[in-house]
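Residue numbers (our numbering): 3 to 164.
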């Protein structure tokens, strides 16, 4: 690794380590990130409804502005990652990993299993989730909309060692 690459890596590591994760409050930046970060984004009404339901919890990651968020749904001993978005310009820096790690810590504290669905074509996200201890437990054929029709959702689960 040359000096310039090492220096750039150090800057990214410093930004990520300085990032702040905190409970997310409703703000228009959520809609903007959703629209930038998803091929088929949730509508503003759907996003906002997650902040009006006591079963949903959300966290944002700030570095220093909002650059990603995760929305979860929790009932009894299960928590589901409903949506996770990182600004396309900020991907690959570890922000998604930090958000998932935050949710895992909450799920472990509350003795919950953690579930998510991911597009079959999103192999980068699948690799991240598997590296973080998630296992593939099923599929939902034709679950996600695509420009060519639909694609399969891969169902993944994480269980904390209690």
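From the three backbone atoms N, C-alpha and C, an ideal C-beta is built for every residue, glycine too.
| query | result |
| --- | --- |
| Rounded distance between the beta-carbons of residue 90 and residue 60, thought under 8 Å | Contact doesn't hold; Cβ gap of about 20 Å is too wide. |
| Close beta carbons around residue 109, own chain, < 8 Å, minus the five adjacent residues each side | 81, 115, 116, 160 and 162 |
| Residue range of the alpha helix (DSSP H) that includes residue 2 | Nothing about residue 2 can be reported from this structure: the residues present for the chain run from 3 to 164 only. |
| 6 Å Cβ shell around residue 1 - same chain, five flanking residues per side excluded | What the structure shows of the chain is the stretch from 3 to 164, and residue 1 is not part of that stretch, so it cannot be assessed. |
| Candidates 137, 138, 139 and 154, of which the one nearest residue 145 by Cα | 154 |
| C-alpha gap between residue 46 and residue 30, whole angstroms | 9 Å |
| Among 66, 120, 75 and 51, the one whose alpha carbon lies nearest that of residue 58 | 75 |
| Beta-carbon gap between residue 88 and residue 70 smaller than 8 Å | yes |
| Simplified DSSP state of residue 151, which is helix, strand or coil | strand |
| Buried versus exposed, by CB contacts within 10 Å (16 or more), residue 100 | buried |
| DSSP-derived helix/strand/coil call for residue 11 | Reliability of the predicted coordinates at residue 11 is poor, the pLDDT of 48 falling under 50, and the value obtained from them is presented with this limitation in mind. DSSP places residue 11 in helix when its eight states are reduced to three. |
| Cβ neighbours of residue 98 in the same chain (closer than 8 Å, five flanking residues each side left out) | 70, 86, 88, 127 and 130 |
| Spatial neighbours of residue 28 in its chain, beta-carbon cut-off 7 Å, leaving aside the 5 residues before and after | 50 and 53 |
| Chain-order list of residues whose beta-carbon lies under 6 Å from that of residue 22 (same chain, five-residue window excluded) | 64 |
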